[in-house]
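Enquirer: Residue numbers (this note's numbering): -5 to 511.
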């Protein structure tokens, strides 16, 4: 009897989740590959490939270069609000891209604050579109991520190393050369490649700030091939190219992972020296400028959007309800599948290595690649517009699942090590084990992962652009249409609503997990 109670039926659920993930990733790539190659790529497509690589490389380079002084200043300075600022550094990961772009346009747009100041001084205005606009948005979104990753590298240097440096009376230059530079050599490649990979698949930024022959990414070219040129075979070839780019970037990321070589310390908090003089002023300037760059666009968006809340456009409520339904359904689907996979992997169920691999597959895909595969598969048998909502739910759940799974997997292994034998000895039924042990012990990562999934799904502007029409647009797509018709005040007001709902969903699920942990 005990041997029956232990597996729970989770291997069946994990197998189903893995099969669905394989269908959504490898299956859609297979559909793309079948159609690819029948339409030759033209000069514009190769230009899109070059621009994709260029903007991703420059975004990664600029973001990591700017993050180094900011992370170093945060690592060695203590000031009121430091913890809050570091916490806010994680917010852009959940920030809907369309909201970030509207905030940047409020400052750097043609009618933004910066161009108003330039006009007042008689200088020519700046355009926020093209390569520099895409780079501006990517740095805004990824500078906080790079800062957090590099800051963790500084905090991981054992405090004993800095104590030894002080005992040896090392100069700041010598300390940097022997302690901080090795950490940067180990940390910077991973941070830069992570941002490079994210920027390869940044469709919403290119859709809003790019465009034109000189500023088209591969994903934007896929969208144009399907929605405007009606060339599905060419779109398939471009999607296969996009998948190859992302896969190569991920494989390169795994290949360059390396240890700093410092070893373990005694667990003391890091004790970085905080030199005074010009170095203190430089640190203060780095923190101030980074905080202003992140906060001012959102403050300008709030100032522009608040008046529009009294005159919300028609169709906004329906688009909002549609986005909420998609976010909640995606969250339920992704969280359930991630839990089943994490538990089956932790218990080393038959095929557990395949389950772990299946949870990693979506990292190599993107919403446009999956969307293209689904579009090519479903177009002969159904009206694609009628399937916009279920396709978006499935795609959002697939792309968010790796985050939930990676949060749950370590906790699930700990759970199995601590309670596996006990639950077997007590012969607990599957539902009893789930209710009394699994959910309470995993509540914190479950809630955090669900919050991330809900926020990302709420702000997604990806596959929905391929399938939706005017009657089934989500809130991000509705905001994009308002921007396209130059109704910027109403777009800002709708963005405030989207921003509030995205962070409210994250706070709701994360709070539920914390309370029930």
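Think of the CB as a built atom: it goes at the ideal place given N, C-alpha and C, for glycine as much as any other residue.
Leaving out five residues on either side along the sequence, give the residues of the same chain with a beta carbon under 6 Å from the beta carbon of residue 9.
Expert: Once the five neighbours on either side are set aside, residue 9 has no close Cβ partner at all.
Enquirer: What residue from 267, 471 and 156 has the CA that sits closest to residue 316's CA?
Expert: Of 267, 471 and 156, the residue nearest in Cα terms is 471.
Enquirer: Taking the beta carbon of residue 148 as the centre, do at least 16 other beta carbons fall within 10 Å, making it buried, or is it exposed?
Expert: It is buried - the Cβ of residue 148 has at least 16 other Cβ atoms within 10 Å.
Enquirer: Below 8 Å on the Cβ atoms is my contact criterion, and I expect residue 499 with residue 425 to pass it. Report the Cβ-Cβ distance as a whole number of Å.
Expert: Wrong, their Cβ atoms sit about 28 Å apart, outside the cutoff.
Enquirer: Using 10 angstroms around the beta-carbon of residue 250, count the other beta-carbons present and answer buried if the total reaches 16, otherwise exposed.
Expert: With fewer than 16 other Cβ atoms within 10 Å, it is exposed.
Enquirer: According to DSSP, is residue 477 part of a helix, a strand, or is it coil?
Expert: In the structure shown, residue 477 sits in a helix (DSSP, three-state: H, G or I).
Enquirer: How close, in whole Å, do the beta carbons of residue 56 and residue 128 come, if the pair is a contact with beta carbons under 8 Å?
Expert: 11 Å between Cβ atoms; not a contact.
Enquirer: Report, in whole angstroms, the separation of the C-beta atoms of residue 244 and residue 191, which I expect to be a contact under 8 Å.
Expert: Going by Cβ atoms, the distance from residue 244 to residue 191 rounds to 6 Å, so yes, they are a contact pair.
Enquirer: Specify, as a first and last residue, the run of the alpha helix (DSSP H) that residue 276 falls within.
Expert: Taken as a continuous stretch (DSSP letters only), the alpha helix (DSSP H) holding residue 276 covers 272 to 299.
Enquirer: CB-CB under 7 Å to residue 97, same chain, minus the five flanking residues each way: which ones, in chain order?
Expert: Hits under 7 Å: 291, 292, 294 and 295.
Enquirer: Out of curiosity, what's the CA-to-CA distance linking residue 196 and residue 462?
Expert: About 19 Å.
Enquirer: Residue 25 and residue 393 - do their beta-carbons sit closer together than 9 Å?
Expert: Taking 9 Å as the Cβ cut-off, residue 393 and residue 25 do not qualify as a contacting pair.
Enquirer: Measure the beta-carbon distance from residue 229 to residue 220 and round it to whole angstroms, keeping in mind my assumption that it falls under 8 Å.
Expert: That belief holds up - the Cβ atoms of residue 229 and residue 220 are roughly 5 Å apart, short of 8 Å.
Enquirer: Straight-line CA distance for residue 286 to residue 118?
Expert: Near 24 Å, if we compare the C-alpha coordinates of residue 118 and residue 286.
Enquirer: Cβ atoms of residue 469 and residue 490: under 9 Å apart, would you say?
Expert: For residue 490 and residue 469, no; Cβs fall outside 9 Å.
Enquirer: Could you tell me whether the Cβ atoms of residue 484 and residue 476 are closer together than 9 Å?
Expert: Closer than 9 Å, so yes.
Enquirer: Can you name, in chain order, every residue of its own chain whose Cβ lies under 6 Å from the Cβ of residue 439, other than the five neighbours on each side?
Expert: Here the set comprises 401, 402 and 405.
Enquirer: Please state if the CB of residue 166 and the CB of residue 37 are separated by a distance shorter than 9 Å.
Expert: Against a cut-off of 9 Å, the Cβ pair of residue 166 and residue 37 comes out as no contact.
Enquirer: For the alpha helix (DSSP H) containing residue 451, list its first residue and its last residue.
Expert: Its alpha helix (DSSP H) spans residues 433 to 452.
Enquirer: Rounding to the nearest angstrom, what Cα-Cα distance links residue 409 and residue 323 in this structure?
Expert: Cα to Cα, residue 409 sits roughly 27 Å from residue 323.
Enquirer: Please specify which runs of the beta strand (DSSP E), each continuous and at least 3 residues long, are wholly inside the segment 74 to 145, giving them in chain order.
Expert: Segments of the beta strand (DSSP E) lying fully in the segment 74 to 145: there are none.
Enquirer: Measuring alpha carbon to alpha carbon, tell me which of 335, 479, 210 and 247 ends up nearest residue 39.
Expert: The residue with the shortest Cα to Cα distance from residue 39 is 210.
Enquirer: Using three-state DSSP, classify residue 41 as helix, strand or coil.
Expert: Residue 41: helix per DSSP, three-state reduction.
Enquirer: By Cβ distance below 6 Å, which residues in the same chain neighbour residue 123 in space, the five residues on each side in sequence not counted?
Expert: Excluding sequence neighbours, residue 123 sits near 203.
Enquirer: Starting from the C-beta of residue 52, find all residues in its chain whose C-beta is less than 7 Å away, skip the five residues before and the five after it, and write them out in chain order.
Expert: The answer, listed in chain order, is 129.
Enquirer: Could you check the C-alpha separation between residue 181 and residue 174 for me, to the nearest Å?
Expert: For residue 181 and residue 174, the distance between alpha carbons rounds to 10 Å.
Enquirer: Under the assumption that residue 445 contacts residue 504 (Cβ atoms under 8 Å), give the Cβ distance between them as a whole number of angstroms.
Expert: About 4 Å; that satisfies the 8 Å criterion.
Enquirer: Take the Cβ of residue 412 as the centre, count every other Cβ of all protein chains shown within 10 Å, and call the residue buried at 16 or more, exposed below.
Expert: That one is exposed.
Enquirer: Assuming residue 506 and residue 441 are in contact, meaning their beta carbons sit under 8 Å apart, how far apart are those beta carbons, in whole angstroms?
Expert: At roughly 5 Å, the Cβ-Cβ gap stays under 8 Å, so residue 506 and residue 441 are in contact.
Enquirer: Tell whether a beta-carbon distance below 9 Å holds between residue 356 and residue 481.
Expert: No.
Enquirer: Could you tell me which whole beta strand (DSSP E) segments of length 3 or greater appear in the segment 221 to 249?
Expert: Runs of the beta strand (DSSP E) inside the segment 221 to 249: none found.
Enquirer: So, is residue 106 buried or exposed, given that buried needs 16 or more other C-beta atoms within 10 angstroms?
Expert: Per the 10 Å Cβ criterion, buried.
Enquirer: Taking residue 92 as the reference, give the member of 353, 72, 199 and 282 with the closest Cα.
Expert: Nearest of 353, 72, 199 and 282 to residue 92, Cα basis: 199.
Enquirer: Suppose the cutoff is 7 Å on Cβ atoms and the five residues either side in sequence are ignored; what does the same chain contact list for residue 388 look like?
Expert: Excluding residues within five positions, the ones whose Cβ falls inside 7 Å are 18.
Enquirer: Quick check on DSSP: helix, strand or coil for residue 463?
Expert: Residue 463 falls in the coil class under three-state DSSP.
Enquirer: Closest to residue 248 by C-alpha separation, out of 76, 188 and 208, would be which residue?
Expert: Ranking 76, 188 and 208 by Cα distance to residue 248 puts 188 first.
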